[in-house]
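Protein chains in written order, with this note's numbering: chain P, 26 to 329; chain C, 214 to 538. Built from N, CA and C at the ideal position, the CB exists for glycine as well. Being a predicted model, the structure only gives us computed values, none of them experimental.
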């Protein structure tokens, strides 16, 4: 649907509106993807259960709001440490044992985790769509011929802040350097006295904390249901592969590209077909530049 | 395995029991369970050809299943033709799709390959649910029931024997693959692609061939499934859950073995049927319990027994042989 049609006589500049929508959507996608790319870059594991942690974040926000009346943005403050602990727990329980195993073992471990988490949610909370409407999701902001939702803007701002903070952490802190060293060469890092198990534990926990936070942030905008993670995570794969697996700046760029494809595709061809475009883009990138737009050529065939 | 091959005996026994079931019982529920065990086994065997023997671990096999299901369903519902014709069309389309996916994803390994297969299945799911004029969109396609073999409107006993023939065919094909030159070449590609290539094996061609064969088998089973169940909808036939299920049966039973997919299906399908029957009256969402068990079993199997049940049985056999020696 033409975004201007809904808003009636208000003056909407289509190009500016599409640009703002792309930016806002891209910010949220970036936060989902950045955890995935961090885990892949350092642990060399594609977390097929990533979307399920997003789904859990959405449920956390839903229950906090409906049962306790807590605003999603307050929930965010406790969600980050909660999901950090969830990440630690899952790492110790499930991931630690397969970190040195083959790709297939890792793929099916996270796929199994995804199936189990999805259905735990289904059994505990049924398959109903859970929607919350806190005050911020009904506030519309208008500026320079564009209109957007306050919840989107906050989600975008927090997502960008968290992503940037994570990038700064990786670049400038000692722990960040240790993590990057482990990513570059696991064996050499071990020889330098780095406790790689601790690095992986930290990496997984941070990645899950990011995606849990993303789940809370998107809760005023999207319905929570057991398979809610799926729609976002397939998109996060596209983002991450576009940006180059393990590349955080690439993930930001990939998010913007995917968001632009989605927003532009919906505007031109209608919302029904939008996913086709980014999947075709995905296949195109996998086939022609599997290491990502910024990545080194040939990384995918090294069995990285 | 030597000439004794207890796994071959197990397979023969399993198929024999299936063949004898209709002679002993006429209970529709039990016959239905046997049919589903065989059909999921055959589908997992089809996955195993690419994922197990050739090491091309796909999470998008629902794409071929869906193509087969839709081809048969549309052929009988929309064009009032025989679903067998639909099956043939589906196989032809899946061969093309398999060749395309195999060719395009040829360079990709491990998680990259799995991701690209997921993307292919997702594209087909979206097309099937949005192309309303042809596929009826997300409402799905009900398959008309017209009695007769040519229209695949069969009773439970006839279905059982038909699916048994298909299952035995899939099993035999795997056994052939294990013993043939191509099969050894595929094992070489799976274990060390560079070494295989250095030995003069056309690794890329072999990989594509394995995917095409696997796609054709999956599609044919998908067509039969559509006719048996009588309803096709895009969010189910193209779902990742389905792709995972094919892989799961094979892994639990023993990936890259002929018996594995059927053993896995026997276990998982019976568990599912049992839990469905037990909990269906209580609460609909409780059927999710078997999927939780699924997920946990999958994690435990790949971690502690990556060669599956046949692997465990093989080790037990070897241990017993030593103990008695």
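Closer than 8 Å to chain C by CB, residue i
i, result
"residue 43 of chain P", "no"
"residue 58 of chain P", "no"
"residue 294 of chain P", "no"
"residue 137 of chain P", "yes"
"residue 350 of chain P", "Nothing about residue 350 of chain P can be reported from this structure: the residues present for chain P run from 26 to 329 only."
"residue 287 of chain P", "no"
"residue 300 of chain P", "yes"
"residue 229 of chain P", "no"
"residue 71 of chain P", "yes"
"residue 134 of chain P", "yes"
"residue 129 of chain P", "yes"
"residue 140 of chain P", "yes"
"residue 144 of chain P", "yes"
"residue 322 of chain P", "For residue 322 of chain P, the pLDDT reaches just 46, beneath the cut-off of 50, and the residue's location in the model is therefore unreliable, leaving the point undetermined."
"residue 123 of chain P", "yes"
"residue 308 of chain P", "yes"
"residue 283 of chain P", "no"
"residue 311 of chain P", "yes"
Proximity of residue i and residue j at Cβ, strictly below 8 Å
i, j, result
"residue 450 of chain C", "residue 279 of chain C", "yes"
"residue 192 of chain P", "residue 224 of chain P", "no"
"residue 436 of chain C", "residue 235 of chain C", "no"
"residue 183 of chain P", "residue 166 of chain P", "no"
"residue 258 of chain C", "residue 387 of chain C", "yes"
"residue 411 of chain C", "residue 356 of chain C", "no"
"residue 462 of chain C", "residue 474 of chain C", "yes"
"residue 248 of chain C", "residue 479 of chain C", "no"
"residue 208 of chain P", "residue 66 of chain P", "yes"
"residue 340 of chain C", "residue 255 of chain C", "no"
"residue 327 of chain C", "residue 132 of chain P", "yes"
"residue 284 of chain C", "residue 306 of chain C", "yes"
"residue 525 of chain C", "residue 518 of chain C", "yes"
"residue 63 of chain P", "residue 231 of chain P", "yes"
"residue 443 of chain C", "residue 522 of chain C", "no"
"residue 335 of chain C", "residue 259 of chain P", "yes"
"residue 68 of chain P", "residue 124 of chain P", "yes"
beta-carbon residue i near the ligand SAM non-hydrogen atom, thresh 7 Å
i, result
"residue 142 of chain P", "Although the ligand SAM was asked about, the structure shown includes no ligands whatsoever."
Cβ shell of residue i (< 7 Å), same chain only, five flanking positions each side left out
i, result
"residue 313 of chain P", "none"
"residue 391 of chain C", "471"
"residue 143 of chain P", "77, 251 and 252"
"residue 423 of chain C", "262, 263, 266, 267, 269 and 399"
"residue 248 of chain P", "154, 155 and 156"
"residue 188 of chain P", "55, 56, 59 and 277"
"residue 233 of chain C", "none"
"residue 298 of chain C", "288"
"residue 327 of chain P", "Caution applies to residue 327 of chain P, whose pLDDT of 39 falls short of 50 and renders its modelled position unreliable; the value that the coordinates give is listed next. Contacts found: none."
"residue 292 of chain P", "43"
Contacting residues, own chain, Cβ-Cβ under 8 Å from residue i (five flanking each side not counted)
i, result
"residue 153 of chain P", "250"
"residue 90 of chain P", "96, 97, 100, 157, 159 and 244"
"residue 371 of chain C", "362"
"residue 246 of chain C", "482, 483 and 486"
"residue 323 of chain C", "270"
Bridge partner(s) assigned by DSSP for residue i
i, result
"residue 361 of chain C", "C:366"
"residue 275 of chain C", "In the DSSP output, where bridge partners are listed per residue, residue 275 of chain C has none listed."
"residue 255 of chain P", "For residue 255 of chain P, which the question treats as bridged, DSSP gives no partner whatsoever."
"residue 171 of chain P", "P:168"
"residue 444 of chain C", "C:355"
"residue 320 of chain C", "Answer is none; residue 320 of chain C lacks a bridge partner."
"residue 249 of chain P", "P:155"
Chain-order list of residues whose beta-carbon lies under 6 Å from that of residue i (same chain, five-residue window excluded)
i, result
"residue 80 of chain P", "253 and 254"
"residue 164 of chain P", "175"
"residue 44 of chain P", "none"
"residue 244 of chain C", "369 and 373"
"residue 214 of chain C", "Only weak support is given to the placement of residue 214 of chain C: the predicted model assigns it a pLDDT of 44, under 50, and the question is left unresolved by the model."
Contact with chain P by residue i, beta-carbon distance below 8 Å
i, result
"residue 487 of chain C", "no"
"residue 516 of chain C", "yes"
"residue 421 of chain C", "no"
"residue 193 of chain C", "There is simply no residue 193 of chain C to check, as chain C begins at 214 and stops at 538 in what is shown."
"residue 507 of chain C", "yes"
"residue 377 of chain C", "no"
"residue 481 of chain C", "no"
So if I threshold CB-CB distances at 8 Å, which residues from the stretch 326 to 343 of chain C count as touching chain P? 327, 328, 329, 331, 332, 333, 335, 336, 339, 340 and 343
Contact list for the stretch 246 to 280 of chain P against chain C, Cβ threshold 7 Å: 259, 262 and 266
Identify each residue in the stretch 393 to 425 of chain C for which the Cβ-Cβ distance to at least one residue of chain P is less than 7 Å, and report them in chain order. none
Between the stretch 441 to 460 of chain C and chain P, which residues of the former have a C-beta closer than 8 Å to a C-beta of the latter? 453, 454, 457 and 460
With 9 Å as the C-beta to C-beta threshold (strictly closer), list the residues of the stretch 265 to 285 of chain C near chain P in chain order. 268, 270 and 272
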